[in-house]
Structure formats: structure tokens, C-alpha cells
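Just below is one structure, and these are the notes that go with it.
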Amino acid sequence: PKKMVLAATVPQDFSFSTDARIKASSNPVQKEVDFVQQLRKPSSPAKARRGATIPKPFNFSAGHKPVQEREVYVPMAQQVELFQRRTPTRYHLRSSRSQERGPSSVKSQHLS
């Protein structure tokens, strides 16, 4: 059998019409700045320091927070115990022993 020779795809340049869509800029053309020359120029006088820094006055006030009354110290164990008393039993976790036990065993009577 003869092999069919397919014609090779010929690449064609695609012309985007972007150049036709570009509008003329109203801004004047900016001149290019030589980077090395910019580095060698002295810094502008506007950025120069104007003298010594003048500190602003401040005060060490404690603030204006409302004063809270100190509550009586309650130990953590007592807080946990109170929390567990207030929580209904349906929200407590079941013990692992009760989950491990399966259905109640029914004693079977042996027929003799």
C-alpha cells in the first residue's frame, strides 16, 4: 500500500489591526532620562533635612478606661464543676463502657 502524502501546512502571518486602533496621544513626548547621570546629580534641596527633630510632648497617663470591680477569685476546678452542674445531662458524653456493651444478652434456654 502506498502512503498518502499530506500537504504540509503553510504558516501565514496574522496581522493584528492594533496599530490602526491606537489613538494619537495628547500628552507631549517625554524625554528619556539618563539613569547614570541621575545618580550623579546632587539631591534636591527639598529633600534636605531642615534641622534637628523637635519632639512632641506626651504624658504617661494610665488612660481613661472604666474601672472594673475586682471579682472574687474562683478556682478553675470549681468553675468546671459549676459548668458541668449547669449543663443538662443530655449534653454530657456517654462513657466508653456503656458504648462498648452491645445489646443486652438474653439467656437462651437449652432444649433437652
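Residue numbers (UniProt numbering): 1 to 112. Idealized CB from N, CA, C, for every residue including glycine.
Kindly indicate which three-state DSSP category residue i falls into: helix, strand or coil?
i	result
phenylalanine 58	coil
glutamine 30	coil
phenylalanine 35	helix
aspartate 19	helix
arginine 90	helix
Can we count residue i as close to the ligand MG, meaning its CB is less than 7 angstroms from some heavy atom?
i	result
threonine 53	No copy of the ligand MG occurs in the structure displayed, which carries no ligand at all.
Starting from the N-terminal side, write out each stretch of the beta strand (DSSP E) that is 3 residues or longer and does not extend beyond the segment 60–88. none
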